[in-house]
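Trainee: If you scroll down you'll find the structure; I have some questions about it.
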Amino acid sequence: MPAAAIILAAGLGTRMRSALPKALHPIAGRPMLNHLIAACEQVFDRILVVVGPDMPALERAAAPHATVVQRERLGTGHAALQAAPLLEGFEGDAAVLYADNPLISVPTLRALLARRAEAGLALLAMRPADPGRYGRVVQDAAGDVARIVEWADASEAERAIPLCNAGVVCAPARDLFRWLREVRNDNAKGEYYLTDIVALARAEGCR
């Protein structure tokens, strides 16, 4: 089955106190974005990069892959949804990744796609030594993923969960965009969270 990667790269890098877009900050001699693109090129049939307005340097860095502009920064779910017109009619899986997560390996991406073939949706999770402010992966009594809760919206009990969101999700493209259109912004940040599609998928019976 064909697969597409949607890389979210519209971040401004404000917390880095730099005028350089976050995805263009160099690691080991090249921009973060290009590390991730290099891995994706070995796994995915199509690569799309979501950039912010007035980011020509990012568009050049993404070439020859397609870019789409997120005109308003309304959250990660809204950003991923901007890729929908470019994948209209695409009969395959779509994975959403963050450009500032450049060290995801090729074997990990292949494992993600293999897992998606067995389930309606697959995601990457981790158990870091310091969970910090990562989103938490909430599981049900059977150990199945029920939802992801962002730190700002999590209860104290949820913040104590050691399993964290690693920032990559994969689903059939048609389902991914359908779920993204259902996401609402009734949360602490008033944003459209990509992570909310997990609960929507679960509500439809996905495991």
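Residues in the sequence shown are numbered consecutively from 142, following the numbering used here. Beta carbons are placed, not taken as given, at the ideal position from N, Cα and C, and that holds for glycine. A quick note: this is a predicted structure, and the numbers were derived from the prediction, not measured.
Which residue or residues does DSSP assign as beta-bridge partners of Leu289?
Mentor: Position 148 of the sequence shown, counting from 1, holds the residue named residue 289. Note on residue identity: the sequence assigns Ile, not Leu, to residue 289. Note: Ile289 sits in a beta bridge opposite Val278.
Trainee: Between which two residues does the alpha helix (DSSP H) containing Cys181 stretch?
Mentor: For the purposes of this step, residue 181 is identified with residue 40 of the sequence shown, where counting begins at 1. Counting along the chain, the alpha helix (DSSP H) containing Cys181 begins and ends at 173-182.
Trainee: Going by beta carbon distance, what residues of the same chain come within less than 7 angstroms of Tyr334, once the five residues before and after it are set aside?
Mentor: Here residue 334 refers to the residue found at position 193 when the sequence shown is read from its first residue. Gly216, Thr217, Gly218, Glu291, Val324, Asn328.
Trainee: May I ask which residues mark the beginning and end of the alpha helix (DSSP H) holding Ile338?
Mentor: Looking up residue 338 in the sequence shown gives position 197. First-last of the alpha helix (DSSP H) with Ile338: 338-344.
Trainee: With respect to the beta strand (DSSP E) encompassing Leu244, which residues constitute its N-terminal and C-terminal limits?
Mentor: Residue 244 sits at position 103 when you count from the first residue of the sequence shown. Taken as a continuous stretch (DSSP letters only), Leu244 belongs to no beta strand (DSSP E), as it is neither H nor E.
Trainee: Could you tell me the distance, in whole angstroms, from the CA atom of Ile188 to the CA atom of Asp195?
Mentor: To locate residue 188, count along the sequence shown from 1; it is residue 47. To locate residue 195, count along the sequence shown from 1; it is residue 54. Near 20 angstroms, if we compare the C-alpha coordinates of Asp195 and Ile188.
Trainee: Going straight from the alpha carbon of Glu345 to that of Gly261, what length do you get?
Mentor: For the purposes of this step, residue 345 is taken as the residue at position 204 of the sequence shown. For the purposes of this step, residue 261 is taken as the residue at position 120 of the sequence shown. Near 9 angstroms, if we compare the C-alpha coordinates of Gly261 and Glu345.
Trainee: Would you say Pro197 faces chain B, with C-beta separation under 8 angstroms as the test?
Mentor: No chain B is part of this structure, which consists of one protein chain only.
Trainee: Between the Cα of Val191 and the Cα atoms of Asn306, Ala146, Ala287, which residue gives the shortest distance?
Mentor: By one-based count along the sequence shown, residue 191 stands at place 50. Of the listed residues, the one whose Cα sits closest to Val191 is Ala146.
Trainee: Measure the alpha-carbon distance for Ala204 versus Pro248 and round it to whole angstroms.
Mentor: Position 63 of the sequence shown, counted from the start, is the residue given in the question as residue 204. Position 107 of the sequence shown, counted from the start, is the residue given in the question as residue 248. Distance between the alpha carbons of Ala204 and Pro248: 24 angstroms.
Trainee: Determine the direct distance from the alpha carbon of Val309 to that of Asp294, and round the result to whole angstroms.
Mentor: Start at 1 with the first residue of the sequence shown, and residue 294 comes out as number 153. Start at 1 with the first residue of the sequence shown, and residue 309 comes out as number 168. Computed Cα separation, rounded: 20 angstroms.
Trainee: What does a CB cutoff of less than 7 angstroms around Ile168 pick up in its chain, not counting 5 residues either side in sequence?
Mentor: In the sequence shown, residue 168 corresponds to position 27, counting from 1. Cβ within range, chain order: His176, Pro243.
Trainee: Would you mind sorting Pro226 into buried or exposed? The rule is 16 or more other CB atoms within 10 Å of its CB.
Mentor: The residue labelled residue 226 in the question sits at position 85 within the sequence shown. That one is exposed.
Trainee: Along the chain, where does the alpha helix (DSSP H) that runs through Pro197 open and close?
Mentor: Position 56 of the sequence shown holds residue 197. Pro197 -> alpha helix (DSSP H) spans 197-203.
Trainee: Considering only the alpha carbon of each residue, which of Ala312, Gly276, Ala314 lies closest to Glu299?
Mentor: Taking the first residue of the sequence shown as 1, we reach residue 299 at position 158. Here the closest residue by C-alpha is Gly276.
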